[in-house]
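Down below is the structure, laid out as structure tokens.
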């Protein structure tokens, strides 16, 4: 909506700008035409003034500037100026024709008056045109101002569009999040469905189990009835047998049979009662454990609910904080973008500046290098100039002495001394005799020149001029010096003494040549020595590099050996720790054996005490049975109350589901209303587009009607202002509607999230209920299993009691024999076990001693390794010192040979030491290997000892169990013998009591049968309750499945709505992109038009 309205508004604004520019161009054309017309008028006036000068004497004072428009810088003129220009031109043409046609001069006064009137009209027209120009200037300025305002509005709208564009990815992210949440909820629903299927399967399986148990229970009942009948028959048979025995063995045997029967019944009853007590205790413990587990589960669930609530609250707060942060980040990003643009512009400027600075720095460095070179050249030149000046002074003295002619020998000796001194100075100034060559050449050239002077004595006056030329032109070069000497004629007197002097000079030159040759030889020798020294240095460097590489290799080997020693130390420590652990285990096992023996004695005493407690527990069983029955009834009542509460909760959930369905229907209606509103808005936008098209057509018609330009422009401006305001109001309305739509969508989204959360909570709650019901079913099945086990135990006890009566008498005799044999075997086994324990202890002592020896060896090896490490550090320090000495050797060229010999000696010593240490390390490694082998052997011995100990422990355990069994058998036999003796002594007194007890026990058996019947009735009731619960569970499952189907339908609807929203968002994005492109094109067109306007202004 916003993009369409913005595009329409920009289109209308661009059309108005086009019309204005067209009007401006037409007005400019009109101005040019008027100027041309005025120029033609001026020409015609000038032509008429030539022919009729006497008629225009009064009009000469009028300047031509009044005919010309003073200001043509405006952008538009009215049509009246055009018309006035045309009428003026036509009038002048007519007047000129009248002037050309008329050949008489009868009416000059009238023509002058007409001309004056025309001039007045022209003045008035000029005044009106100036006023119109000013008015049009003001109008143009107002139009420019309005254009600026429109541009600002466009920029503001672009900013608004940018904000909306920023909001679009947020909406996309929200939609993606909703889709992810919907997918997660789908997964949760699928998991719930899978769990429901699993629960159904388990319920079916449990139903099958119950049916099986019921069938087994019926079979057991039938078997019990048959066994009871068989027992009655057996009792009848036993009674008949007893009567026969009484007849045969008289009264004693009768007494004996009755006593045995009574004793057997009493024992059976005691065993049954004890088992019942144990079962009751087990049931109590199981019930208590279940209660504790249920309470723990409830606490855990409550904590989970609290955590979930806290997490939901935290997530909401985090979402709010993230939204605020997003807004802040968007603002920060906009600011950072602006800053980045500024910084990039600054960086570009600074980059240019830095490039310039770098160029200047490079130029400065080059200039500095040039200045340094120039300074060096200047120093050399100055030295050479000084040398040349000294030579000039010498030559001047020679010339002055030769000119005088007196004291020739003295002057000759002085000249020789000066030459020698100058040659000596130059020889010392040069390095290694290389400067002797040019000096000898100078001397030879001087001698030749002196001979030429002997032949040419007329050139005395040119000496001073040549010397001055030398002093001014010398720059320190030796070749120039030679040239100057060639141009120096010397005045010599034609005498034989002078020839001698020349010969002496030749001898001196020969001596100089010899000296020069010596210097050359020495220089060549020095060069050869330098080459040799360089070769020796290179060889020394290579040897040092090789030695350093060897040292590095040796260091690496030593480091590897050190790492190996450290690893060996770690292994030795581990093995020592293992040995200590084994020692501790042996000690613990010995302690455990002693404690086990003590416990056996204590258990024997405890068994005696527990046998006493059994009689006391029999009295408490009846009380506990009553308590259990009362607790069972209370649990039934609680279960019924829970069932009622569950039904109430199911009804509440149904009402909540109905409300939520109504809410979904209302949301669907709201969405349909919003869609209709969107369609209406689109129609409104299309109508606005039609209006804008009509406006464009009107603007084209107005362009055709340019004569009424200014008046129509004013009306159009007012209309356009009204339209702009309308569009702005429409934009505001659209913005408000979009904001409302967004708020409504957010509210709908929140409602949807809340509903999903509530449904997930309901699902969790139903899952918990299903779990609770499953647990109750499991408890019922466990109780049924326990009842079946009790029945099996009772049957087994009845069978065992019948068998034991016959076996006890046989076992008594056998036990007495076995006891005697076992006592003998025990004595033998004890002796063997003691011997084995002694051997094991001796082996352990030996192993401990070997471990101590190994530890001592390891400590010694550690000490040696530490010493080796210290020596290695010393060697490293020595190597560093050697490297420093090598550096000093490279610097000091004179003492290289001595230091290299010393280094060779020290290196040989270091190598010998390293070889010794390597041998020591090898010895230590051999020792370590030996110690490892010994350690492995010790470990093998320890393992063998451990296996032997384990075997001995197993044998001891077996013997202990046998002893316990034998002790129990002996105790039983002793107790049975004692009881039998006491019973035989008290038969006469107890026969009467036994009959009464038999009758009481019969009554108790009848009571027990009644209790079993009651139990069976209770089991039937429970089965009925379970069936009812199964029906309720099935009904609840059907309702839940219907609810899940409804939820899935609602989810599909919501997904379709989300897809439609995504499509709408994509269409809006396309429209926004289209509007952006149009805005950019229009901005480009506006810039072009502004440039054209500026060019036109400049031309004017």
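Numbering (my numbering), first residue to last: 2 to 1101. No residue lacks a Cβ here, since even glycine has one placed at the ideal position from N, Cα and C. These figures come from a predicted structure and were not determined experimentally.
Going by other Cβ atoms of all chains shown within 10 Å of its Cβ, with 16 needed for buried, is residue 134 buried or exposed?
On the chain shown, position 133 is the one that residue 134 refers to. With 16 or more other Cβ atoms within 10 Å, it is buried.
Tell me the rounded alpha-carbon separation between residue 684 and residue 727.
For the purposes of this step, residue 684 is taken as residue 683 along the chain shown, with counting starting at 1. For the purposes of this step, residue 727 is taken as residue 726 along the chain shown, with counting starting at 1. One C-alpha to the other measures close to 17 Å.
Going by Cα to Cα distance, which pick from 208, 199, 747 and 114 is closest to residue 1029?
For the purposes of this step, residue 1029 is taken as residue 1028 along the chain shown, with counting starting at 1. The shortest C-alpha separation from residue 1029 is found at 208.
Alpha carbon to alpha carbon, how far is residue 501 from residue 495? Give it in angstroms, no decimals.
As a position in the chain shown, residue 495 is number 494, starting the count at 1. As a position in the chain shown, residue 501 is number 500, starting the count at 1. Residue placement at residue 495 cannot be trusted, given a pLDDT of 44 that sits under 50; the coordinates are not used to answer.
Roughly how many angstroms lie between the CA atoms of residue 655 and residue 628, to the nearest whole one?
Residue 655 sits at position 654 when you count from the first residue of the chain shown. Residue 628 sits at position 627 when you count from the first residue of the chain shown. Whole-angstrom Cα-Cα distance: 41 Å.
For residue 1087, which option in 138, 115 and 155 has the closest C-alpha, if you only look at C-alpha atoms?
Against the chain shown, residue 1087 aligns to sequence position 1086. Of 138, 115 and 155, the residue nearest in Cα terms is 155.
Nearest chain C C-beta to residue 241 closer than 8 Å, yes or no?
Absent from the structure is chain C; it holds one protein chain and no more.
Kindly list the residues whose CB is nearer than 8 Å to the CB of residue 178, restricted to its own chain and excluding five residues on each side of it in sequence; keep chain order.
Taking the chain shown and counting its residues from 1, the one referred to as residue 178 is at position 177. Closer than 8 Å at the Cβ level, and outside the excluded window around residue 178, lies no residue.
How many whole angstroms separate the CB atoms of residue 1038 and residue 197, which I take to be in contact at a CB cut-off of 8 Å?
Walking along the chain shown from the start, residue 1038 turns up at place 1037. Walking along the chain shown from the start, residue 197 turns up at place 196. With 8 Å as the limit, residue 1038 and residue 197 qualify as a contact, their Cβ atoms being about 7 Å apart.
For residue 929, count the other beta carbons within 10 Å of its own beta carbon; 16 or more makes it buried, fewer makes it exposed. Which is it?
Here residue 929 refers to the residue found at position 928 when the chain shown is read from its first residue. So residue 929 counts as buried.
For the stretch 1049-1059 and the stretch 183-192, state whether three or more C-beta atom pairs, one from each stretch, are separated by less than 8 Å.
A contact exists between the stretch 1049-1059 and the stretch 183-192.
Count the other CB atoms, across all protein chains shown, that sit within 10 Å of the CB of residue 832; report buried if there are 16 or more and exposed otherwise.
Taking the chain shown and counting its residues from 1, the one referred to as residue 832 is at position 831. Burial call: exposed.
Cβ atoms of residue 745 and residue 675: under 8 Å apart, would you say?
As a working mapping, residue 675 is identified with position 674 in the chain shown. As a working mapping, residue 745 is identified with position 744 in the chain shown. Contact: yes.
Considering only C-alpha positions, which residue in the set 535, 756, 915 and 779 is nearest to residue 1109?
Lying outside 2 to 1101, the shown extent of the chain, residue 1109 is not represented and no answer is given.
Residue 622 and residue 1007 - do their beta-carbons sit closer together than 8 Å?
Taking the first residue of the chain shown as position 1, residue 1007 is located at position 1006. Taking the first residue of the chain shown as position 1, residue 622 is located at position 621. Against a cut-off of 8 Å, the Cβ pair of residue 622 and residue 1007 comes out as no contact.
In whole angstroms, what is the alpha-carbon distance linking residue 137 and residue 173?
Working through the chain shown from its first residue, we reach residue 137 at position 136. Working through the chain shown from its first residue, we reach residue 173 at position 172. Cα to Cα, residue 137 sits roughly 53 Å from residue 173.
Just to confirm before moving on: does the CB-CB distance between residue 1063 and residue 176 stay below 8 Å?
For the purposes of this step, residue 1063 is taken as residue 1062 along the chain shown, with counting starting at 1. For the purposes of this step, residue 176 is taken as residue 175 along the chain shown, with counting starting at 1. Contact flag set, yes.
Can you grab the Cα-Cα spacing for the pair residue 1090 / residue 1097, in whole Å?
Position 1089 of the chain shown, counted from the start, is the residue given in the question as residue 1090. Position 1096 of the chain shown, counted from the start, is the residue given in the question as residue 1097. Straight-line Cα distance between these residues: approximately 10 Å.
Have a look at 1085, 1099 and 1100 and flag the residue whose alpha-carbon is nearest the alpha-carbon of residue 152.
On the chain shown, position 151 is the one that residue 152 refers to. It is 1085.
Short check: CB of residue 942 to CB of residue 302, under 8 Å?
Within the chain shown, the letter at position 941 stands for residue 942. Within the chain shown, the letter at position 301 stands for residue 302. Cβ distance not < 8 Å, so residue 942 and residue 302 don't count as in contact.
Can residue 1044 and residue 658 be called in contact, C-beta distance under 8 Å?
Looking up residue 1044 in the chain shown gives position 1043. Looking up residue 658 in the chain shown gives position 657. Yes, Cβ-Cβ distance for residue 1044 and residue 658 is below 8 Å.
Within this structure, are the beta carbons of residue 266 and residue 1002 separated by less than 8 Å?
The residue labelled residue 266 in the question sits at position 265 within the chain shown. The residue labelled residue 1002 in the question sits at position 1001 within the chain shown. Yes; because the gap between Cβ atoms is below 8 Å, this pair is in contact.
Work out the CA separation of residue 325 and residue 149 for me, nearest whole Å.
Counting from one through the chain shown, the residue named residue 149 turns up at place 148. Counting from one through the chain shown, the residue named residue 325 turns up at place 324. Each residue's Cα considered, the two are about 35 Å apart.
Taking the alpha-carbon positions, what's the residue 924 to residue 917 distance?
Here residue 924 is taken as the residue at index 923 of the chain shown, counted from 1. Here residue 917 is taken as the residue at index 916 of the chain shown, counted from 1. Their Cα atoms are separated by approximately 10 Å.
Suppose you measure from the CA of residue 399 to the CA of residue 508; what does that come to, to the nearest Å?
For the purposes of this step, residue 399 is taken as residue 398 along the chain shown, with counting starting at 1. For the purposes of this step, residue 508 is taken as residue 507 along the chain shown, with counting starting at 1. Their backbone Cα atoms lie some 20 Å apart in a straight line.
Return yes when at least one heavy atom of the ligand SAH lies under 7 Å from the C-beta of residue 614, else no.
Looking for the ligand SAH in the displayed structure turns up nothing, as the structure carries no ligands at all.
Using the rule of at least 16 other Cβ atoms within 10 Å of the residue's Cβ for burial, across every protein chain shown, is residue 934 buried or exposed?
Numbered from its first residue, the chain shown carries residue 934 at position 933. Label assigned to residue 934: exposed.
Hey, how far is the Cα of residue 606 from the Cα of residue 1016?
Taking the first residue of the chain shown as position 1, residue 606 is located at position 605. Taking the first residue of the chain shown as position 1, residue 1016 is located at position 1015. If I take the Cα positions, the gap works out to 39 Å.
With distance defined between alpha-carbon atoms, name the residue in 920, 338 and 287 nearest to residue 558.
Position 557 of the chain shown, counting from 1, holds the residue named residue 558. It is 920 whose Cα lies nearest to the Cα of residue 558.
So, residue 756 versus residue 661, is the Cβ gap smaller than 8 Å?
Along the chain shown, one-based indexing puts residue 756 at 755. Along the chain shown, one-based indexing puts residue 661 at 660. Yes, these two residues count as a Cβ contact at 8 Å.
Compare the beta carbon distance of residue 794 and residue 284 with 8 Å and say whether it is the shorter of the two.
The residue labelled residue 794 in the question sits at position 793 within the chain shown. The residue labelled residue 284 in the question sits at position 283 within the chain shown. No, the pair does not count as a contact, with Cβ atoms beyond the cut-off.
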